[in-house]
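In our numbering, each residue's number is its place in the sequence shown (first place is 1) plus 6. From the three backbone atoms N, C-alpha and C, an ideal C-beta is built for every residue, glycine too. First comes the structure, then the notes that go with it.
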Amino acid sequence: MRIDVIVNTTARRYRARPSLIDRMAAACAGAAELHPTSNVAELAEVCERLARRRTDLVALSGGDGSFMAGVTALARAFGERSLPPLVLLPGGTVATVARNWGMTGDPAVLLARTVSEVRGLPSGAAIHGAVRRPTLRVRATTRSGVEERIGFIFGTGLVASFFDVYYERGGDGYGAAARIVARVFIESFYGGAHARRVLDPLPCTIDVEGRQLAPRAWSLICSSAVRDLGIHMLVTYRAGEDLDRPHLVASALPPRELGPRAPLVLAGRRIGGRDHFDDLVQDFTVRFGAETSATSPGDGPYILDGDPLRASEIRVSAGPAIDVLSLRP
Numbered sequence: 007m008r009i010d011v012i013v014n015t016t017a018r019r020y021r022a023r024p025s026l027i028d029r030m031a032a033a034c035a036g037a038a039e040l041h042p043t044s045n046v047a048e049l050a051e052v053c054e055r056l057a058r059r060r061t062d063l064v065a066l067s068g069g070d071g072s073f074m075a076g077v078t079a080l081a082r083a084f085g086e087r088s089l090p091p092l093v094l095l096p097g098g099t100v101a102t103v104a105r106n107w108g109m110t111g112d113p114a115v116l117l118a119r120t121v122s123e124v125r126g127l128p129s130g131a132a133i134h135g136a137v138r139r140p141t142l143r144v145r146a147t148t149r150s151g152v153e154e155r156i157g158f159i160f161g162t163g164l165v166a167s168f169f170d171v172y173y174e175r176g177g178d179g180y181g182a183a184a185r186i187v188a189r190v191f192i193e194s195f196y197g198g199a200h201a202r203r204v205l206d207p208l209p210c211t212i213d214v215e216g217r218q219l220a221p222r223a224w225s226l227i228c229s230s231a232v233r234d235l236g237i238h239m240l241v242t243y244r245a246g247e248d249l250d251r252p253h254l255v256a257s258a259l260p261p262r263e264l265g266p267r268a269p270l271v272l273a274g275r276r277i278g279g280r281d282h283f284d285d286l287v288q289d290f291t292v293r294f295g296a297e298t299s300a301t302s303p304g305d306g307p308y309i310l311d312g313d314p315l316r317a318s319e320i321r322v323s324a325g326p327a328i329d330v331l332s333l334r335p
């Protein structure tokens, strides 16, 4: 069985511990080939090589942005209907997607276990433990053209504002994220400046399957292939229920009404309230108006797998289903 391991060497764990690359190479144990990459061009080149030789299993190691970039590059190289099974090994700050699908801990240890379980299988053999998982297709219209990515967690409104604050404070993982959430929750009861910055509705519109929803500003827009967005925030609690229909959750509530509903999110329940949308959908489109930004009229912020991006229009639908290997306990 041909096994290839793609590592994003700029991901946080690898930057903090350069020796981890050597441990990953040792974990390959002669049964897998390691491909360190540090930018999108290198990643695309590696994926093209793997497609030409028709690898049987690809392990991606990095953070959520690395997984998004890796699956996007693999889909372009292999074709979406010919994607090989994948292993997602946490190597970034949080690696939320990998955690949702049962891969937590040291990536070198996880890689060694993976190689041990599949080595010796003939090329093309079915891999025990691989589960079909959903993805999102995110097609964004920007000033430079149209960008399409295959990812896992999309959000704007409070999601984009939250990440602005999170990265300003160093992006130090779940602890930092939890402190921001706690402060926003407390301030939402009295309309504090911090809560307003994160929760104030963002001017934009949403079309769901061709039908425009009424509000012209939204506090929260989120769609995801995983249920837990981190620190047990179960916003998209129906994620993965239907591989062809992502779960979309949107709220236009103001800060004093939206913030106190955080316990519902932690419990994996509907946020509710007027103009709330919560359902599985074929597709939806977010459009930003000229009033969204004084410096870039027509552009608005959004987050895809932790990466901050901007576009005037974003269409989200189901991406290709992928087979993801999770290790047995």
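For this session: Could you check the C-alpha separation between residue 189 and residue 201 for me, to the nearest Å?
Result: Counting from 1 along the sequence shown, the entry for residue 189 is found at position 183. Counting from 1 along the sequence shown, the entry for residue 201 is found at position 195. Cα-Cα distance, rounded: 8 Å.
Exercise. Terminal residues of the continuous alpha helix (DSSP H) containing residue 120?
Worked result: Indexing the sequence shown from 1 puts residue 120 at position 114. Here the alpha helix (DSSP H) through residue 120 covers 113-124.
Exercise. Is DSSP giving residue 149 helix, strand or coil here?
Worked result: Stepping through the sequence shown from its first residue, residue 149 is reached at position 143. Residue 149: coil per DSSP, three-state reduction.
Exercise. Any idea which residues DSSP pairs residue 218 with across the strands?
Worked result: Taking the first residue of the sequence shown as position 1, residue 218 is located at position 212. In the DSSP output, where bridge partners are listed per residue, residue 218 has 213.
Exercise. Counting along the chain, where does the beta strand (DSSP E) carrying residue 237 start and finish?
Worked result: The count along the sequence shown starts at 1 and reaches residue 237 at position 231. Element bounds for residue 237: n/a, residue is neither H nor E.
Problem set entry | the region 96-115 / the region 125-134 touching (three or more Cβ pairs under 8 Å) | The region 96-115 is not in contact with the region 125-134.
Exercise. First and last residue of the alpha helix (DSSP H) that includes residue 50?
Worked result: By 1-based counting over the sequence shown, the position of residue 50 is 44. Looking at the DSSP string, the run of the alpha helix (DSSP H) that includes residue 50 is 46-59.
For this session: Tell me whether residue 134 is buried or exposed, calling it buried when 16 or more other Cβ atoms sit within 10 Å of its Cβ.
Result: Translated into positions along the sequence shown, residue 134 becomes position 128. Counting Cβ neighbours within 10 Å, residue 134 comes out exposed, since fewer than 16 surround it.
Exercise. Cβ of residue 173 within 9 Å of Cβ of residue 314?
Worked result: In the sequence shown, counting from the first residue as 1, residue 173 sits at position 167. In the sequence shown, counting from the first residue as 1, residue 314 sits at position 308. Yes, these two residues count as a Cβ contact at 9 Å.
For this session: Can you have a look at residue 106 and say buried or exposed, based on whether 16 or more other CB atoms are within 10 angstroms of its CB?
Result: To locate residue 106, count along the sequence shown from 1; it is residue 100. Per the 10 Å Cβ criterion, buried.
For this session: Tell whether a beta-carbon distance below 9 Å holds between residue 159 and residue 232.
Result: Counted from its first residue, the sequence shown places residue 159 at position 153. Counted from its first residue, the sequence shown places residue 232 at position 226. The Cβ atoms of residue 159 and residue 232 sit closer than 9 Å to each other.
For this session: Put residue 196 into one of helix, strand or coil per three-state DSSP.
Result: Here the question's residue 196 lines up with position 190 in the sequence shown. If DSSP states are grouped into helix, strand and coil, residue 196 belongs with coil.
Problem set entry | Inside the region 159-208 only - alpha helix (DSSP H) runs reaching at least 4 residues | 164-174, 180-194, 199-205
Exercise. Can residue 50 and residue 331 be called in contact, C-beta distance under 9 Å?
Worked result: To locate residue 50, count along the sequence shown from 1; it is residue 44. To locate residue 331, count along the sequence shown from 1; it is residue 325. No.
Exercise. Quick one: what does DSSP say residue 227 is sitting in, helix, strand or coil?
Worked result: In the sequence shown, the residue the question calls residue 227 occupies position 221. In this structure, residue 227 counts as strand in the three-state DSSP scheme.
For this session: Report, in whole angstroms, the separation of the C-beta atoms of residue 92 and residue 250, which I expect to be a contact under 8 Å.
Result: Here residue 92 is taken as the residue at index 86 of the sequence shown, counted from 1. Here residue 250 is taken as the residue at index 244 of the sequence shown, counted from 1. Not really, about 19 Å apart at Cβ, beyond 8 Å.
Exercise. Just curious, the beta strand (DSSP E) that residue 306 is in, first and last residue?
Worked result: To locate residue 306, count along the sequence shown from 1; it is residue 300. It spans 306-310 - the beta strand (DSSP E) in which residue 306 sits, taken as one unbroken run.
Exercise. Under the rule that 16 or more other beta-carbon atoms within 10 Å means buried, what is residue 252, buried or exposed?
Worked result: Residue numbering aside, residue 252 sits at position 246 when the sequence shown is read from its first letter. That one is buried.
Exercise. Secondary structure at residue 140, three-state DSSP: helix, strand or coil?
Worked result: To locate residue 140, count along the sequence shown from 1; it is residue 134. In the three-state reduction of the DSSP assignment, residue 140 falls in the coil class.
Exercise. What's the C-alpha gap between residue 239 and residue 166?
Worked result: Stepping through the sequence shown from its first residue, residue 239 is reached at position 233. Stepping through the sequence shown from its first residue, residue 166 is reached at position 160. Distance between residue 239 and residue 166, taken at the CA atoms: about 15 Å.
Problem set entry | Top-ranked residue by Cα proximity to residue 184, from 236, 121, 71 | Position 178 of the sequence shown, counted from the first residue, corresponds to residue 184. That would be 236, whose Cα lies nearest to the Cα of residue 184.
Exercise. On the premise that residue 295 lies in contact with residue 221, defined as a C-beta separation below 8 Å, what is that separation, rounded to the nearest angstrom?
Worked result: Residue 221 sits at position 215 when you count from the first residue of the sequence shown. Residue 295 sits at position 289 when you count from the first residue of the sequence shown. That belief does not hold up - the Cβ atoms of residue 221 and residue 295 are roughly 13 Å apart, past 8 Å.
For this session: Please report the Cβ distance between residue 14 and residue 97, rounded to the nearest whole angstrom; I am assuming they are in contact, meaning their Cβ atoms lie under 8 Å.
Result: Along the sequence shown, read from residue 1 onward, the residue named residue 14 stands at position 8. Along the sequence shown, read from residue 1 onward, the residue named residue 97 stands at position 91. The Cβ separation is near 7 Å, so the contact holds.
Problem set entry | Beta-carbon contacts of residue 77 that lie in its chain and below 6 Å, excluding the five residues immediately before and after | To locate residue 77, count along the sequence shown from 1; it is residue 71. 156, listed in sequence order.
For this session: Mind checking who residue 78 pairs with in its DSSP beta bridge?
Result: Taking the first residue of the sequence shown as 1, we reach residue 78 at position 72. Residue 78 is not bridged to any residue.
For this session: Find the nearest neighbour of residue 325 within the set 285, 81, 108, judged by alpha-carbon distance.
Result: Along the sequence shown, read from residue 1 onward, the residue named residue 325 stands at position 319. When only C-alpha atoms are compared, the closest one is 81.
Problem set entry | Residues that residue 314 bridges to, as DSSP identifies them | For this step, residue 314 is matched to residue 308 along the sequence shown. Assignment of beta-bridge partners to residue 314 by DSSP yields 309.
Exercise. When you compare only the Cα positions, how much space is there between residue 100 and residue 180?
Worked result: Working through the sequence shown from its first residue, we reach residue 100 at position 94. Working through the sequence shown from its first residue, we reach residue 180 at position 174. When rounded, the distance between both Cα atoms is 7 Å.
Problem set entry | Inter-residue spacing [alpha-carbon to alpha-carbon] between residue 297 and residue 39 | In the sequence shown, the residue the question calls residue 297 occupies position 291. In the sequence shown, the residue the question calls residue 39 occupies position 33. Only weak support is given to the placement of residue 297: the predicted model assigns it a pLDDT of 48, under 50, and the question is left unresolved by the model.
Problem set entry | Assigned secondary structure, residue 40 (DSSP; H/G/I helix, E/B strand, else coil) | The residue given as residue 40 occupies position 34 in the sequence shown. Here residue 40 sits in strand by DSSP.
Problem set entry | C-alpha distance - residue 327 paired with residue 196, whole-angstrom precision | Here residue 327 is taken as the residue at index 321 of the sequence shown, counted from 1. Here residue 196 is taken as the residue at index 190 of the sequence shown, counted from 1. Distance between the alpha carbons of residue 327 and residue 196 is about 44 Å.
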